[in-house]
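Remarks on the structure that follows.
Residue numbers (our numbering), protein chains in the order written: chain Y, 977 to 1056; chain Z, 977 to 1056.
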C-alpha cells in the first residue's frame, strides 16, 4: 500500500522559491504560467496488511507530526 | 487551470533523505512504514484560455527543461 503526501506552504505564507521559479519561467518564454507554489512530496510504502482506515490514521499522524511544520505548512494525502 | 508536477529521484538513485525519514519514523513508533522516497511538488497556475493539449505540452516542456534534473530525476504530472 502506498501513500502520497503533499506538503505545501499555507496560502497566506509567502512562497519566495515558487515566485522565483515563476519569474524564471516568464524569462524562459513560458508566459502562460501565472503562478508557481513549491512544496514537498513524500511517497510512503506501508505494510500491506494494514486496514484502509488504520493506514489513513497512520498517514495523517505521520504527516501532521513529522512531515509538516504546522505553523507555516499544510498537507494533503492520497492512499492507493 | 492548474498543473501538479511531482519530481522524484529515479528509483535507481539512492534517496538518502528518504531513508533518513524512514529510519526516523521507525524510531518514532511507526513500524508500518517500510520505505520513504522524498521528492518535490510544484503547483503551476496556468492561463485558463489554454487548450488542454497545449497546456499538456507546455507543462511537459517546463517539467523536463526547468523543474527536473534528467540525470537523476523523473517527473509525473496531472492537470485539472
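All C-beta atoms, glycine included, are put in the ideal place defined by N, C-alpha and C.
Since we're looking at a predicted model, the values are computed, not measured.
Just to make sure I have the definition right: I need the residues of chain Z whose C-beta is within less than 8 angstroms of the C-beta of residue i. Which are they?
{"i": "residue 1010 of chain Y", "result": "1021, 1022 and 1023"}
{"i": "residue 1038 of chain Y", "result": "1001, 1006 and 1009"}
{"i": "residue 1026 of chain Y", "result": "1008"}
Measuring CB to CB, does residue i end up less than 9 angstroms from residue j?
{"i": "residue 998 of chain Y", "j": "residue 983 of chain Y", "result": "no"}
{"i": "residue 1003 of chain Z", "j": "residue 1056 of chain Z", "result": "no"}
{"i": "residue 1048 of chain Z", "j": "residue 981 of chain Z", "result": "no"}
{"i": "residue 1012 of chain Z", "j": "residue 1001 of chain Z", "result": "yes"}
Starting from residue i and walking both ways along the beta strand (DSSP E), at which residues does that stretch end?
{"i": "residue 1038 of chain Y", "result": "Note, residue 1038 of chain Y: premise wrong, no beta strand (DSSP E); alpha helix (DSSP H) at 1028-1038."}
{"i": "residue 1019 of chain Y", "result": "1009-1022"}
{"i": "residue 980 of chain Y", "result": "978-985"}
{"i": "residue 1055 of chain Z", "result": "1049-1055"}
Which two residues bound the contiguous alpha helix (DSSP H) that contains residue i?
{"i": "residue 997 of chain Z", "result": "992-1003"}
Residues of chain Y with CB under 7 angstroms from residue i, in chain order?
{"i": "residue 982 of chain Z", "result": "1017"}
Could you list which residues in chain Y have their beta carbon closer than 8 angstroms to that of residue i, in chain order?
{"i": "residue 989 of chain Z", "result": "Simply none; closest approach about 14 angstroms."}
Which residues in chain Z sit within 9 angstroms of residue i, going by Cβ to Cβ distance?
{"i": "residue 1034 of chain Y", "result": "1006, 1008 and 1009"}
Cβ-heavy atom distance between residue i and the ligand HEM below 8 angstroms?
{"i": "residue 1027 of chain Y", "result": "The model depicted lacks the ligand HEM and carries no ligand whatsoever."}
What in chain Y is Cβ-close to residue i, meaning under 9 angstroms?
{"i": "residue 1042 of chain Z", "result": "997, 1000, 1001, 1004 and 1006"}
{"i": "residue 1061 of chain Z", "result": "This structure cannot settle anything about residue 1061 of chain Z, because the visible part of chain Z is limited to 977 through 1056."}
Segment contact flag, the stretch 1014-1029 of chain Y with the stretch 1012-1021 of chain Z, C-beta cutoff 8 angstroms, min 3 pairs: By the Cβ rule, the stretch 1014-1029 of chain Y counts as touching the stretch 1012-1021 of chain Z, because three or more pairs are nearer than 8 angstroms.
Quick check: the stretch 1019-1038 of chain Z against the stretch 1032-1046 of chain Y, are there 3 or more CB pairs under 8 angstroms? The stretch 1019-1038 of chain Z, when compared against the stretch 1032-1046 of chain Y, does not touch it at the 8 angstroms Cβ threshold.
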